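Residue numbers (this note's numbering): 42 to 366.
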């Protein structure tokens, strides 16, 4: 059995990190090394990690100054000695058979990347990202198509086992958010063969103060930046997938725009008119894109007609979900 390097960046997650590390330690696949990177945590995370390392001889703890998630992941891969690499976020956890399933599939198909399904976990419930459990092997074209749609291949990097040969060539972008998307933009340039099971093994925890529930900051434009990069790449290399890339780019604009509208003086945001202009310019293209659910196509119509009404309904929906605005 080949060794697998599991890299876990840690920063101020004292409530979650023990469960995460124990879920890795309890894997049915035993030939793993657990590389924990303490990214300058200021809570009790480091002590929890130290105690874990004392009792788990496959684990090592490395401490560095705070540099962010990308910096911690990049630091961790320097110490990887496995044939394959897996990144796990320290506020998430994994089913005990996840590593074994990913490894079994990547070996069976002689693939570069092995993907499994994800549970979206909230404070009061959890649900699988993909309702249907399927298995398939594919090349880059289908991988990107499914990645852009987002159901069978979720956006996180943490449900993907990658050969060290490829992972060692790619860095996460320091100073940016949506780092997983930037990483996967580089990944598809190297990886040729992918194996996917939508059966969920990774538990992705949505915290109340996570990036997905916070109002707009300028860094949210990183999301539009990376999917613009994807769109340009697809336009040049795989034009048959252009409408799928456009779907993802449009989705990024929706996400950023919704965050802008969480702010009272949203019209004062420098980038507001740029993002709104995207919807006005591409109204028909979005409205006719069948990858969008009916609700989103109605939303772009509402944006075209009345932004204030769209904002009112958005804030009502966020309030129902318990998001403070």
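No residue lacks a Cβ here, since even glycine has one placed at the ideal position from N, Cα and C.
For clarity, every value in this text was computed on a predicted model and none was experimentally measured.
Which same chain residues end up closer than 8 Å to residue i when comparing Cβ atoms and leaving out the 5 residues on each side of it in sequence?
i	result
residue 168	160, 161
residue 316	265, 294, 297, 298, 301
residue 127	45, 46, 47, 48, 140, 143, 199, 201, 202, 203
residue 91	102
Tell me the DSSP secondary structure of residue i in three-state form.
i	result
residue 152	coil
residue 79	strand
residue 199	coil
residue 194	coil
residue 234	strand
residue 213	coil
residue 73	strand
residue 327	helix
residue 227	helix
residue 218	coil
residue 181	helix
residue 205	helix
residue 175	coil
residue 240	strand
residue 25	Here the chain comprises residues numbered 42 to 366, so residue 25 is not present and cannot be evaluated.
Excluding sequence positions up to five away, which residues of its chain have a Cβ less than 6 Å from the Cβ of residue i?
i	result
residue 176	238
residue 351	343, 344
residue 84	53, 55
residue 43	124
residue 120	76
Could you give the distance in angstroms between the alpha-carbon of residue i and the alpha-carbon of residue j?
i	j	result
residue 143	residue 45	11 Å
residue 187	residue 193	6 Å
residue 371	residue 292	The structure shown does not extend to residue 371, since the chain is modelled only from 42 through 366, so no value can be given for it.
residue 206	residue 335	42 Å
residue 106	residue 243	28 Å
residue 181	residue 103	35 Å
residue 327	residue 274	20 Å
residue 132	residue 59	9 Å
residue 196	residue 321	27 Å
residue 145	residue 99	21 Å
residue 257	residue 307	9 Å
residue 86	residue 51	7 Å
residue 223	residue 215	10 Å
residue 229	residue 283	16 Å
residue 134	residue 329	38 Å
residue 225	residue 97	31 Å
residue 178	residue 116	31 Å
residue 172	residue 191	13 Å
residue 280	residue 233	18 Å
residue 247	residue 219	15 Å
residue 278	residue 221	21 Å
With a threshold of 7 Å on Cβ separation, who are the neighbours of residue i within its own chain once the five nearest residues in sequence on each side are excluded?
i	result
residue 289	189, 268, 271
residue 312	262
residue 118	48, 126, 208, 209
residue 341	320, 324, 327, 328
residue 227	211
Does chain B have any CB closer than 7 Å to the CB of residue i?
i	result
residue 274	Among the protein chains of the structure shown there is no chain B, as only one such chain exists.
Quick check on the DSSP output: what are the complete beta strand (DSSP E) runs of length 3 or more inside the region 96 to 172, in order along the chain? 100 to 105, 125 to 128, 154 to 162, 167 to 169
Complete runs of the alpha helix (DSSP H) confined to the region 243 to 320 [at least 4 residues]: 262 to 278, 283 to 301
Quick one: any contact between the region 71 to 79 and the region 148 to 158, if contact means 3 or more CB pairs under 8 Å? No, the region 71 to 79 is not in contact with the region 148 to 158.
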